[in-house]
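Data first, discussion second: the structure below is written as structure tokens.
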Amino acid sequence: MEWLQSVGDYFYNLLIYQDRYMTILKGLGNTLVIAAAAAVIGISLGMLVAMIKYFCKDKKALRPLEWICNMYVTAIRGTPVMVQLFIWSLVILASWKNALPIACIGFGFNSGAYVAEIIQAVLSGCLRALRCVISSCRRQSKTFCRRLEMNSLFC
Numbered sequence: 173m174e175w176l177q178s179v180g181d182y183f184y185n186l187l188i189y190q191d192r193y194m195t196i197l198k199g200l201g202n203t204l205v206i207a208a209a210a211a212v213i214g215i216s217l218g219m220l221v222a223m224i225k226y227f228c229k230d231k232k233a234l235r236p237l238e239w240i241c242n243m244y245v246t247a248i249r250g251t252p253v254m255v256q257l258f259i260w261s262l263v264i265l266a267s268w269k270n271a272l273p274i275a276c277i278g279f280g281f282n283s284g285a286y287v288a289e290i291i292q293a294v295l296s297g298c299l300r301a302l303r304c305v306i307s308s309c310r311r312q313s314k315t316f317c318r319r320l321e322m323n324s325l326f327c
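Below you can see the structure in the form of structure tokens.
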């Protein structure tokens with residue numbers, strides 16, 4: 173039973189002594205704030221980039237915009253997130269003293285690239301499947317095909 177007492181003393185000194193558990197709770201709060209803000213930034217930026225890449229495919233005048241989005245996705249997905257956070261905190265936003273908004277922006281931009289790829293894959297896969305079904309059903313039933321084309325507005 174002596175070892176149980178030593179384990180209890182260890183956890184008391186680790187967490188309870190001098191209110192050290194408050195540091196853990198503050199860190200948990202910061203983690204939740206960073207996750208929520210990064211999700212909002214990432215989903216917004218990802219949707220914007222995916223829509224730009226999707227609508228710029230056939231338009232030559234918008235090719236530079238598509239190129240910028242492709243470079244953003246390639247650069248962000250090819251760089252470790254810790255390197256991105258170092259660049260955000262030491263180069264881009266070096267004058268900011270608070271690290272919490274820097275982390276939110278850094279993680280938001282990182283997740284934005286991945287969200288853009290996910291949305292683009294869903295759009296292209298959904299449209300590809302829809303084209304296959306429509307082309308095969310045109311031989312069978314015109315009314316069914318019209319209904320399917322109307323339902324494609326939601327895809």
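Using the working numbering, you'd call the opening residue of the sequence shown number 173 and step up by one each time.
C-beta: ideal position from N, C-alpha, C; glycine also.
Since the structure is predicted, the reported quantities are computational estimates derived from the model, not experimental observations.
Cα separation between residue i and residue j?
i           : j           : result
residue 262 : residue 173 : 51 Å
residue 202 : residue 275 : 10 Å
residue 239 : residue 294 : 20 Å
residue 296 : residue 210 : 26 Å
residue 249 : residue 285 : 7 Å
residue 213 : residue 226 : 20 Å
residue 199 : residue 283 : 21 Å
residue 229 : residue 215 : 21 Å
residue 218 : residue 270 : 25 Å
residue 241 : residue 247 : 10 Å
residue 358 : residue 236 : Here the chain comprises residues numbered 173 to 327, so residue 358 is not present and cannot be evaluated.
residue 280 : residue 187 : 32 Å
Grab the span of the alpha helix (DSSP H) containing residue i for me, first residue to last.
i           : result
residue 184 : Per DSSP, residue 184 belongs to no alpha helix (DSSP H) and is neither H nor E.
residue 235 : 235 to 249
residue 197 : 193 to 227
residue 259 : 253 to 259
Leaving out five residues before and five after residue i in sequence, what residues of the same chain have Cβ atoms less than 8 Å from its Cβ?
i           : result
residue 205 : 272, 276
residue 292 : 222, 225, 226
Helix, strand or coil for residue i? Go by DSSP, reduced to three states.
i           : result
residue 282 : helix
residue 266 : coil
residue 232 : helix
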